[in-house]
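Input: a single structure, listed below in structure tokens.
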Amino acid sequence: MLSPVITDTTRSPHSRLRPVAVNAVTLDDRVWSLFGRLNRFVILPYQYRQCEVTGRLENFRRAAAPSPQGEFQGLFFNDSDVYKWLEAASWTLASGENASVANMVDTAIGIVAAAQQPDGYLNTYFMFDRAGERWSNLTVYHELYCAGHLIQAAVAHKRATNRDDLLTIARRFADLICDTFGPEAAGKRPGTDGHPEIEMALVELYRLTGERRYLDQALYFIDARGHGLLGGAVYCQDETPFRQRHKLAGHAVRALYLCAGAADVYAETGETVLLEALERQWQHMTTRQMYISGGLGARHEGESFGDDYELPNDTAYAETCAAIASVMWNWRMLLLHGEARYADLMEHTLYNAVLPGLALDGQHYFYVNPLAADGTHRRQPWFNCACCPPNLARLLAQMPGYVYSVSDEGVWAHLYAQNDAQLTLTNGQTARLKQRTNYPWDGRIDLVVEGSGEFSLFLRIPGWCDGASLAINTQPFDGALTPGTYVEVRRQWQSGDRLRLTLPMPVRAVESHPRVTANTGRVALMRGPILYCVEAADNPGLNLDGLTLCDEPYDSSFFFNMLGAVIALHATAHTQPPAAPWGNELYRTTRLQATPETTQITAIPYFAWGNREAGPMQVWLRM
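The sequence shown begins at 57 in my numbering and counts up by one.
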């Protein structure tokens, strides 16, 4: 029997909200619970096998041997994929018994434990003939990055099982890191990792153990950036001290992980300058650097952000890991402030930038997420650099913990999905809630309170929603329901009290800033929080890039065979036939085309594209 997950619910001193345990919420909806079941029964076993057949687990066995047995397999940071898998599996165990996953977790921990060196060091790349190269190139070799993922896995495992076996391994390594890195004046080695991750992990370890040295070390690693220790490279987040930053730059995942770590440090220390830097970068990101999907990173070169408003569609990078990192950062900002803009972006990113990275079979993945495709971009069963698949698994396992949080005032509902929840308020009072809804396909959300007591319920009114209404026990609520805010309902609750929140979901045609030249004269279709695209499978024979939407009402209907049922959109569009084939020419004389024909088109949720036969896809349509 698993121990209750309680140690991850403490509120940081400078956060308004407190997270709730992942096992406090049981999801039962058509999206997140389906992906949660897929995670438990398909994704985690599949990824464990991949870690085995690609040599990731074998690297640990090799490291535990008294002498080299074969060669190290894969990339030098492959340990991190095992650790991310362990974190995902641990969070899954927190939500209920799963003997198969539990056995895999125990086996993996045993393999990892055997590889740890007597001084606590643990990285299977730096073994035997490479042992003398430890810490020799922090810019490139990801040693602290891998250590961060080990620590996060260990914290998750402790919270899920109340066992110390993986935590003991992680603390030995963390203690070695704390003893090794720091100012020269303290007799330590100056340095920080080329790929941020250790910062978040050390703050979580501090929260779990109460050991201040871990928090201090996280702060040191943030402070060490921007002083040339990594060659001043923007790719490695070393070009500017963090507190002086105004926008995200360089490698997108690294930039976002660093912001998430800095938000964690601020939550514990309350250093205003850190928060100001975070808010500047968030504002710049959301107004100049973000795809309509919530995806981040415009350039394949350096997996990086581009210039302001540089957001090409067919060559978008928009790495799945960057979307996951955005959710992680926005979650931390939400806990700090309790502002709906962060929850809005979390929800938007989860549906439209995270979920596209995973096929509906749970065994194929996108690393890169373009917003226009010619049919050659397909999900892959695995990657040599496989950071995204286990990152998706750990986010899916954490999903129940993102639905609600609590504060001194009461319960905050951030995400809408059918669930049962039992939450402990900061005063020790228990709040039991039932959420019944078919969101995001339907905007009606029923919340039933079980039990009694006085507290507030804070319901998010999404920024995209005009005309929301709320009734309490069938009586209309007389307060303001302002898009992009939380509405507070405070009362002495009686068991069976029911709130009905209704969020209208008309189809919206969204345009982009005129400086996003890739989208000039085009719109994207959204309904509720869901972004849509047109795919060849639903529109055979049409030149998708040549479609021009007509100014007519859009229709929506359930579309079966994907996720059981999703809402598809139907619209009228003018079509242009494909251009005549080009020979060995760069320019040619053309004629004005005849009046285009009119046809009906179908659009599906962007997250579901690419699950059928190969073919073109388009998000932005001409208007």
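Note that the Cβ used here is the ideal one computed from N, Cα and C, for glycine as well. Source: prediction; values computed, not measured.
- With fewer than 16 other beta carbons inside 10 angstroms of its own, residue 535 counts as exposed.
- In the DSSP assignment, residue 385 falls within the alpha helix (DSSP H) that extends over 376-393.
- Look at residue 626 here: in three-state DSSP terms it is strand.
- In chain order, 508 place their CB closer than 6 Å to the CB of residue 550, counting only its own chain and leaving out the 5 sequence neighbours on each side.
- Under the three-state reduction of DSSP, residue 279 is assigned to helix.
- Residue 95 is positioned such that its CB atom lies closer than 8 Å to that of residue 452.
- Between residue 250 and residue 196, the gap from beta carbon to beta carbon is short of 8 Å.
- Closest option to residue 182, judged by alpha-carbon separation, among 163, 202, 165: 202.
- Taking every protein chain shown into account, the CB of residue 205 has 16 or more other CB atoms within 10 angstroms, so this residue is buried.
- When the five nearest sequence neighbours on each side are left out, the beta carbons in the same chain lying within less than 7 Å of the beta carbon of residue 571 are those of 365, in order along the chain.
- Non-local beta-carbon contacts of residue 299 in its own chain, meaning distances under 6 Å to residues more than five positions away in sequence, involve 329, 333 in chain order.
- The beta carbon of residue 591 sits closer than 7 Å to the beta carbons of 660, 665, 671, 673 from its chain, once the five residues preceding and following it are set aside; these are given in chain order.
- Residue state for residue 95 is assigned as helix, using DSSP reduced to three classes.
- Residue 589 is bridged by DSSP to 660.
- Taking a cut-off of 8 Å for Cβ pairs, the stretch 349-361 and the stretch 276-285 do not touch, as fewer than three such pairs fall below it.
- Per DSSP, the unbroken beta strand (DSSP E) holding residue 528 starts and ends at 525-528.
- Under the 8 Å Cβ criterion, the stretch 459-476 does not count as touching the stretch 92-106, having fewer than three qualifying pairs.
- Taken through DSSP and simplified to helix, strand or coil, residue 551 comes out as coil.
- The continuous stretches of alpha helix (DSSP H) do not include residue 512, which lies in the beta strand (DSSP E) extending over residues 509-517.
- Listed in chain order, the beta strand (DSSP E) runs fully inside the stretch 411-485 are 460-462, 466-469, 475-480, counting runs of at least 3 residues.
- Burial check for residue 198: the Cβ neighbour count within 10 Å reaches 16 or more, so the residue is buried.
- Rounded to whole angstroms, residue 647 and residue 378 show a C-alpha spacing of 44 Å.
- No Cβ-Cβ contact shorter than 8 Å links residue 176 with residue 220.
- Inclusion of residue 157 and residue 100 in the CB contact set at 8 Å is warranted, their separation being smaller than that value.
- One Cα belongs to residue 462, the other to residue 192, and the distance between them is close to 45 Å.
- In the three-state reduction of the DSSP assignment, residue 610 falls in the coil class.
- Assignment of residue 293 by DSSP, reduced to helix, strand and coil, places it in the coil class.
- Counted as a single uninterrupted DSSP element, the alpha helix (DSSP H) harbouring residue 112 occupies residues 112-120.
- Residues 517, 518, 519, 520, 521, 522, 524 of the same chain have their beta carbon placed closer than 8 Å to that of residue 539, with the five preceding and five following residues left out of the count.
- Beta-bridge pairing by DSSP links residue 307 to 360.
- The beta carbons of residue 88 and residue 455 sit closer together than 8 Å.
- Spatial neighbours of residue 253 in its own chain (CB-CB distance under 6 Å, excluding positions within 5 residues in sequence) are listed in chain order as 201, 204, 313.
- Residue burial annotation: residue 642 is exposed, with fewer than 16 other C-beta atoms found within 10 angstroms of its C-beta.
- With a cutoff of 8 Å on beta-carbon distance, residue 429 and residue 502 are scored as not near each other.
- The Cβ atoms of residue 608 and residue 631 do not sit closer than 8 Å to each other.
- Residue pairing by DSSP places residue 506 opposite 488 in a beta bridge.
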